[in-house]
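Structure first, commentary second.
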Amino acid sequence: MKKRSKLKRKEGIAGLLMVTPSLVYFFVFFLIPLAICVYAGFTNWNILSVKRTVVGLRNFDKMFADVKFWTALKNTLYMLIPIPIYTAFALGFAYCCHKKILGEKAFRVVYYLPFISSVVALVLIWKWLFNSQYGLINQFLALFGAAGPDWLGDPKWTRRMIVIMISWKMIGIISIYYIAALKNVPKEFYEAASIDGASSWHQFRTITLPMLTPTTFYIVVMGMIGSLQTFVEVQLFAPDGGRGYGVGTIVFYIWQKAFESSQMGYACAVAGIFGLMIMLLTVMQFALSRKWVYGGE
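Below, the structure is given as structure tokens:
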């Protein structure tokens with residue numbers, strides 16, 4: 001018994017040593033910054049000053065009264081539009097690749113490249129393509145006698161351009177997820193369906209789609225979290241948030257308040273509310289997943 005207890009103690013110590021780096025990382029880079037952010041949200045902390053004074057709910061009152069905050073929130077929700085777009089296209093591409101089409105491997109490389117490319121480089125290319133004066137997109141539209149919109153000057157069209165760019169960029173990595181998921185669908189299901197006379201469309205609708213719901217759920221949740229944190233595209237396409245703040249998102253708004261206006265306390269208050277919003281939306285997604293995600297039963 002003593003030997004067993006010593007062995008268990010040694011195993012416990014070894015296990016603790018193994019998880020210590022992760023625990024240190026969690027405390028230093030997540031828990032402590034989170035606590036500082038929550039505290040700072042109730043202060044008038046200015047990034048240029050060491051002095052901090054507790055101001056209670058003043059930052060939150062200011063936030064809810066700021067028109068820019070609500071505009072940024074609306075623009076942030078707009079950035080959720082790419083999720084169904086790139087999910088649908090990625091599923092189609094993955095299904096075609098799974099069926100072993102001609103040039104499948106080369107096709108995989110081509111549509112995966114945008115995801116691993118630098119966002120800054122992609123934005124520069126897209127700014128050139130969508131330039132209202134010499135951009136290829138408007139030049140192409142002019143061939144048909146159509147006047148192209150002001151993609152970079154009109155916030156409405158800038159938002160749409162960002163949606164198109166994000167959708168195009170994400171198709172590659174999402175396709176990889178679906179290709180991996182398709183390989184895990186048991187072939188026996190398709191064989192049984194074929195024996196019963198089920199068409200290809202019927203097999204796709206009743207076998208493939210339900211079996212892919214766990215992957216789709218992961219894509220939707222992670223895509224939602226990522227889309228709500230859209231920042232780089234906004235900063236590069238509209239450095240000031242666009243006319244009437246028509247392009248600025250919540251993360252861009254937080255960055256402006258923290259580093260351009262030096263209102264770190266106010267920025268922390270906005271970040272806290274935004275973090276709660278993302279958490280609530282994620283919890284809702286998990287609650288709704290019980291109704292449509294296949295659980296293997």
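Going by the working numbering, 230 is the number at position 230 of the sequence shown; the sequence numbering is gapless. Ideal Cβ placement from N, Cα and C applies to all residues, glycine included. Computed from a prediction, not measured in an experiment: that's the story for all the values here.
Taking DSSP as the reference, what is the three-state secondary structure of residue i?
i	result
R232	Strictly speaking, residue 232 in this sequence is Val, with Arg absent from that position. If DSSP states are grouped into helix, strand and coil, V232 belongs with the helices.
T53	coil
T249	coil
S199	coil
Q263	coil
R290	coil
W255	helix
L136	helix
W168	helix
M18	helix
G59	Looking at the sequence itself, residue 59 is Asn, so the reference to Gly does not match. The answer is helix: DSSP assigns N59 an H, G or I state.
L23	helix
F144	coil
M79	coil
A238	coil
K99	coil
L129	helix
C152	Here residue 152 is Leu; the residue named in the question, Cys, does not match the sequence. Three-state DSSP puts L152 in coil, outside helix and strand.
S118	coil
V185	coil
G275	helix
G92	helix
G12	helix
G244	helix
L31	helix
Alpha carbons only, please: which of the options is nearest the one belonging to residue i?
i	options	result
A146	D154, S132 and T158	S132
G348	F69, P33 and F64	One cannot answer for residue 348 here, as it falls past the ends of the chain, which runs 1 to 297.
Y245	L73, A142 and F274	L73
Q229	V50, P82, V110 and T76	T76
S118	S49, I166 and F144	I166
M279	C96, S175, I225 and P155	I225
V67	Y190, Y134 and I250	I250
Y112	Y78, S175 and M18	S175
F64	A287, F274 and V293	F274
V220	L124, I125, T282 and Y134	T282
L276	L34, V50, W292 and L124	L34
C96	S200, L23, L80 and E188	S200
W128	F286, W151 and A142	W151
D154	L143, F130, L141 and R9	F130
A238	I195, L124, A142 and F29	L124
Leaving out five residues before and five after residue i in sequence, what residues of the same chain have Cβ atoms less than 8 Å from its Cβ?
i	result
F42	V54, V55, G56, L57, N59, G265 and A269
G272	C37, V38 and G41
V185	I207, T208, M211 and L212
T71	G244, Y245, G246 and G248
V109	none
Could you name the residues of the same chain whose beta carbon sits closer than 6 Å to that of residue i, not counting the 5 residues immediately before and after it, in chain order?
i	result
I47	S262 and M264
S289	F217
A45	Sequence inspection shows Trp at residue 45; the Ala mentioned does not correspond to that position. The residues are R52, M264 and G265.
M79	S227 and T230
I81	V163
R9	none
By Cβ distance, which residues of its chain are closer than 7 Å to residue i, with the 5 residues on each side in sequence left out?
i	result
P114	L122, W168, K169 and G172
G241	V247, G248 and F252
Y178	A90, L91, A94, L212 and T215
G223	I83
P149	W157
A267	I254, K257 and A258
Q203	Y190 and A193
V293	T213, P214 and F217
L136	L129
From the DSSP output, read off the bridge partner residues of residue i.
i	result
T43	V54
Are the C-beta of residue i and some C-beta of chain B separated by less than 7 Å?
i	result
L276	No chain B appears in this structure, which consists of one protein chain only.
Say the cut is 6 Å; is the CB of residue i nearer than that to a heavy atom of the ligand SAM?
i	result
C37	With respect to the ligand SAM, the structure shown offers nothing to examine, as it has no ligands at all.
Touch test, the region 84 to 102 against the region 162 to 176, Cβ-Cβ under 8 Å, three pairs minimum: In short, these stretches touch, since the Cβ pair count reaches three.
Segment contact flag, the region 151 to 168 with the region 227 to 237, C-beta cutoff 8 Å, min 3 pairs: They touch, by the three-pair rule.
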